[in-house]
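Take a look at the structure set out below.
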Amino acid sequence: MSNHLRNEETPPAHVALVTGASRGVGRGVALSLLASGFRVYGSGRSIEQADLPQEIRRQRCDHLNDDETAGVFDVIRSGSSGLDLLVNCAWGGYEKMVEDGKFTWAAPFWEQPAHRWTGMMDAGVRAAFVCSAQAARMMTPRRRGLIVNISFWAAQRHLGNTIYGIAKAATDKMTSDMAVELQPFGIPVISLYPGLVRTESVLEAAKSGVFDVATSESPEFIGRVINALFHDPNLLARTGQVLVAAAVAKELGIVDVDGTSPPALSLADI
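The opening residue of the sequence shown carries number 463 in the numbering used here; numbering runs sequentially from there.
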C-alpha cells in the first residue's frame, strides 16, 4: 500500500524566483507562474505591501544590496530542493519620470539625472547579473534550470532615452554570454521582450491618451509564455537568444488571460 501511495504522490512543484514582483510585469509573471503550479518566491522593495496571493512567498529585498539579494537565495535554499527558474524583472528605470513638473525621462543624455543610471543599470542590469550568479550556483550542480531576463527593443534602436538603450543592450549581451558559459550544464538563458503591457503605470498613462491599449498584453501574459518555454523540450536550442513573447506565444499556442493573441511586434513596428 505504501508503495502504491508513493507512486500516486504529486511531484514537487518547480521553484521559481521572480525579482521585482511587487508590481508591473514582475507581479504578472509571479501570478502566472503560481497559476501554472510553480512554488513562487517574489522579491522586491515593496513586496510586503504588494497585491499578491498569500501563496507567493514574499522576500523583501532591495536588489541594490548584494547582502539582501544573497539572503533571498539563502531562504530558497533552506526551503526547497533547488531553484528551477529565475525571472529577472527588477527594474528602477521608470521611477521619478516626472520631476518638479518636468518629464525628465525623455531628456537628452547630458541632462539625465544621475539616479536614472542607478535605476536602470544598477537596479536593473547589475541586479540581474548578481541574481543570475546566485541562481547559477544553485542550478549548475543539478544541471537544470532556466534564467529569463526581461528586456526590450530599446536594445536595438533609440526609444527616447539613451540610458534605457544602454541597459537593454547590456541585458541582451549578458544573456548571450551567460548562455555560452551555462551551455555545458544544460541551462538556457534567454532575453524576453514583452509588447505594450497593461501595467499600473501604462493604464494610468492611457487615461490621458499616451497609450492605445487595444492590442496590449496583460501583465500575466508574459508569465504564461515563460511557463510554456520552461516546459518546451527544445528550449536549449533557444539559449542566448532574444525572443519576442507574443511570437513565442503564437508558436506554442499560448493566449492571453482574456483569450486574445497579442500581436508580435518587430523592430519596424516600434
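Glycine included, C-beta positions come from ideal geometry on N, C-alpha and C. The structure presented is a predicted model; accordingly, all values stated were derived computationally and were not measured.
Do residue 505 and residue 521 come within 8 Å of each other at the CB atom, strictly closer than that value?
Cβ atoms of residue 521 and residue 505: closer than 8 Å.
Between the C-alpha atoms of residue 610 and residue 659, what's the straight-line distance to the nearest angstrom?
Distance between the alpha carbons of residue 610 and residue 659 is about 17 Å.
Could you tell me the alpha carbon to alpha carbon distance between residue 486 and residue 618, rounded to whole angstroms?
Spanning the two alpha carbons is a distance of roughly 23 Å.
Would you kindly work out how many angstroms separate the C-alpha atoms of residue 559 and residue 566, rounded to a whole number?
Distance between the alpha carbons of residue 559 and residue 566 is about 6 Å.
With three or more beta-carbon pairs closer than 8 Å as the criterion, would you say the region 636-656 touches the region 592-600?
Contact holds: three or more Cβ-Cβ distances are below 8 Å.
Report the three-state DSSP secondary structure of residue 506 (helix, strand or coil).
DSSP places residue 506 in strand when its eight states are reduced to three.
By the three-class DSSP mapping on this structure, what secondary structure does residue 512 have?
If DSSP states are grouped into helix, strand and coil, residue 512 belongs with coil.
Between 732, 582, 494, which has its C-alpha nearest residue 717's C-alpha?
Among 732, 582, 494, the Cα nearest to that of residue 717 belongs to 494.
Could you check which residue in 483, 680, 543 has the C-alpha nearest to that of residue 603?
The shortest Cα separation from residue 603 among 483, 680, 543 belongs to 543.
Leaving aside the five residues before and after residue 690 along the sequence, list all residues of the same chain whose C-beta is less than 6 Å from its C-beta, in chain order.
For residue 690, where only same-chain residues beyond five positions count, the Cβ hits under 6 Å are 714, 716.
Going by DSSP in three states, residue 478 sits in which element: helix, strand or coil?
Strand.
Is residue 681 closer than 8 Å to residue 661 when the C-beta atoms are compared?
Contact: yes.
Report buried or exposed for residue 675, applying the criterion of at least 16 other Cβ atoms within 10 angstroms of its Cβ.
Exposed, since its Cβ has fewer than 16 Cβ neighbours within 10 Å.
Measure the C-alpha to C-alpha separation of residue 466 and residue 528 and round it to an integer number of angstroms.
Low confidence applies to residue 466: its pLDDT is 45, below 50, so where it sits in the model is not reliable, and the reading given next is rough at best. Roughly 46 Å separates the two Cα atoms.
If you compare alpha carbons, which of 668, 723, 666 is closest to residue 733?
Given a span of 463 to 732 for the chain in the structure shown, any question on residue 733 remains unanswerable.
Can you have a look at residue 688 and say buried or exposed, based on whether 16 or more other CB atoms are within 10 angstroms of its CB?
Answer is buried; the Cβ neighbour count reaches 16.
By DSSP, does residue 723 sit in helix, in strand, or in coil?
Here residue 723 sits in coil by DSSP.
Tell me the DSSP secondary structure of residue 655 in three-state form.
Three-state result, residue 655: strand.
For residue 635, write down the residues that DSSP places opposite it in a beta bridge.
Answer is none; residue 635 lacks a bridge partner.
Could you give the distance in angstroms between the alpha-carbon of residue 524 and the alpha-carbon of residue 700?
Between residue 524 and residue 700, the C-alpha separation is close to 31 Å.
Secondary structure at residue 716, three-state DSSP: helix, strand or coil?
Residue 716: coil per DSSP, three-state reduction.
Considering only the beta carbon of each residue, do residue 705 and residue 654 sit closer than 8 Å?
Contact: yes.
Do the CB positions of residue 625 and residue 582 come within less than 8 Å of each other?
In contact: residue 625 and residue 582 (Cβ atoms closer than 8 Å).
Looking at the unbroken alpha helix (DSSP H) that takes in residue 489, where does it start and where does it end?
Here the alpha helix (DSSP H) through residue 489 covers 486-497.
Give me whichever residues DSSP pairs with residue 705 in a beta bridge.
Beta-bridge pairing links residue 705 to 654.
How is residue 630 classed by DSSP in three states: helix, strand or coil?
Helix, per DSSP.
Can you list, in chain order, the residues of its chain whose CB lies under 6 Å from that of residue 478, leaving out five sequence neighbours each side?
Here the set comprises 495, 500, 502, 547.
Answer with buried or exposed for residue 696, where buried requires no fewer than 16 other C-beta atoms within 10 angstroms of its C-beta.
By the neighbour-count rule (16 or more Cβ atoms within 10 Å), residue 696 is not buried but exposed.
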